[in-house]
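Trainee: According to the numbering used here, the sequence shown holds residues 29 to 285 in order.
Input: one structure, supplied below.
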Amino acid sequence: MTYENIIVETREKVGFVQLNRPQALNALNSALLAELNVALEAFDKDDNIGAIVITGSEKAFAAGADIKEMQTLAFADAYLGDYFSEWERVTRLRKPLIAAVAGYALGGGCELAMMCDFIIAAENAKFGQPEITLGVMPGMGGSQRLTRFIGKSKAMDLCLTGRMMDAAEAERCGLVSRVVPSGDLIEETLKAAGKIASFSLPVVMMTKETVNRAYETTLSEGLRFERRVFHSMFALEDQREGMAAFAEKRPPKFKNR
Ligand code: CO8
């Protein structure tokens, strides 16, 4: 498939997707979404890929859903077409997905970053849910994910005032896992993704699935799920290899079995 709104590359065992609508600060329109889902799902199915990175440009990860595409949308079309529901496909990927965010991550851009498993931010990153300034509210998960990730007070502050927060504030409140100098963003994110991709793929995938359980269930159910998945890892050759390699003081050679 030829992509017009994204750039798709493979960097060793990492799938790399760059949003590429510079003229609109990577505003997320339906054409971009369709391409993104195809590219991400292809990486998710590819046995040679162990982790995926999504990034934008130095100026904008994504400045939101495409306002120009949305401005004439009628209620009936939005409702009947279940507008924005296709974004859920991003959250169904089974391999780790890292957002490398520089510049603006606003509205749908912030929501896309939050659909990823974690966010690495450049020092110039700016996060916000400015939908209220447009006469709407977050529609791609912002009201729910932001509240779970950073708590009610700050989520209310961002969603109700529409203000942006910088990378330092985003790290302080736990929205991003780390902040790196702007020039190092891609290298540092690829390093993290490469590290993940060097581990046993089934173990990586089960770890992602288990951490995500913390957002979907009670603590006691989550702990039970963790224990069962942990037990099941002893059926993997990679568990034998990982522990033998430690005991023999050598690097492990995982087979994804
Ligand atoms: N959609 C469409 N085009 C955009 C968007 C966007 N979200 N953001 C920027 N652009 C376009 C601009 O229109 C401009 O195009 P042109 O050159 O043709 O005029 C170009 O990108 C460059 O933008 P600016 O000139 O504005 O650049 P600045 O550096 O001056 O400003 C900002 C950068 C501050 C990021 C500014 O562009 C801005 O405020 N953008 C909009 C941010 C925003 O409000 N995002 C939220 C969008 S709504 C959303 O994501 C979810 C809605 C949920 C609704 C649910 C319905 C079912």
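All C-beta atoms in this analysis are idealised placements derived from N, C-alpha and C, irrespective of residue type, glycine included.
Can you tell me which of Asn65, Ile80, Asp194 puts its alpha carbon nearest to the alpha carbon of Phe340?
Mentor: What the structure shows of the chain is the stretch from 29 to 285, and residue 340 is not part of that stretch, so it cannot be assessed.
Trainee: Please determine, among Lys281, Phe89, Ala70, Arg206, the residue with the shortest C-alpha to C-alpha distance to Arg120.
Mentor: Ala70
Trainee: Quick one: does the C-beta of Ile82 sit closer than 7 Å to a heavy atom of the ligand CO8?
Mentor: no
Trainee: Tell me the rounded alpha-carbon separation between Met29 and Ser58.
Mentor: About 16 Å.
Trainee: May I ask you to verify whether the region 83–95 touches the region 41–55, counting CB pairs closer than 8 Å and requiring at least 3?
Mentor: yes
Trainee: What is the C-beta distance between Leu213 and Ile148, in whole angstroms, given that I count them as a contact (C-beta under 8 Å)?
Mentor: 7 Å
Trainee: Confirm the yes/no value for this check: CB of Ala59, any heavy atom of the ligand CO8, distance under 7 Å.
Mentor: Every heavy atom of the ligand CO8 is 7 Å or more from the Cβ of Ala59, so no.
Trainee: With a Cβ-Cβ cutoff of 8 Å, do Arg117 and Gly156 count as a contact?
Mentor: no
Trainee: Is the beta carbon of Gly163 within less than 7 Å of some heavy atom of the ligand CO8?
Mentor: no
Trainee: At what residues does the alpha helix (DSSP H) containing Lys182 begin and finish?
Mentor: 180–189
Trainee: Rounding to the nearest angstrom, what Cα-Cα distance links Leu186 and Lys73 in this structure?
Mentor: 36 Å
Trainee: Could you pull out every unbroken beta strand (DSSP E) segment of at least 3 residues lying fully inside the region 70–94, listed in chain order?
Mentor: 79–83, 88–90
Trainee: Could you check what DSSP says for Lys294 in three-state terms: helix, strand or coil?
Mentor: This structure cannot settle anything about residue 294, because the visible part of the chain is limited to 29 through 285.
Trainee: Does the ligand CO8 have a heavy atom nearer than 7 Å to the CB of Phe112?
Mentor: yes
Trainee: If we require 3 or more residues per run, which beta strand (DSSP E) segments fall completely within the region 183–256?
Mentor: 192–194, 206–208
Trainee: Can you determine whether any heavy atom of the ligand CO8 sits closer than 7 Å to the C-beta of Thr132, and answer yes or no?
Mentor: It should be noted that the sequence gives Tyr, not Thr, for residue 132. Within the cutoff, so yes.
Trainee: Would you say Cys144 lies against chain C (beta-carbon separation less than 8 Å)?
Mentor: In summary, chain C is missing from the structure at hand, where a single protein chain is found.
Trainee: Please state whether DSSP places Val42 in a helix, a strand or coil.
Mentor: strand
Trainee: Just to check my reading of the structure: Glu151 and Ala195 have Cβ atoms closer than 8 Å, yes? What is that Cβ distance to the nearest angstrom?
Mentor: Glu151 to Ala195, Cβ: 5 Å. Contact.
Trainee: Quick one: measure Cβ to Cβ for Lys123 and Gly169, integer angstroms, because I've assumed they're closer than 8 Å.
Mentor: Contact doesn't hold; Cβ gap of about 20 Å is too wide.
Trainee: Report buried or exposed for Phe282, applying the criterion of at least 16 other Cβ atoms within 10 angstroms of its Cβ.
Mentor: buried
Trainee: Beta strand (DSSP E) containing Gly156: first to last residue?
Mentor: 154–156
Trainee: At what residues does the alpha helix (DSSP H) containing Leu140 begin and finish?
Mentor: 136–143
Trainee: Taking all protein chains shown into account, do 16 or more other C-beta atoms lie within 10 angstroms of the C-beta of Arg49, making it buried, or fewer, making it exposed?
Mentor: buried
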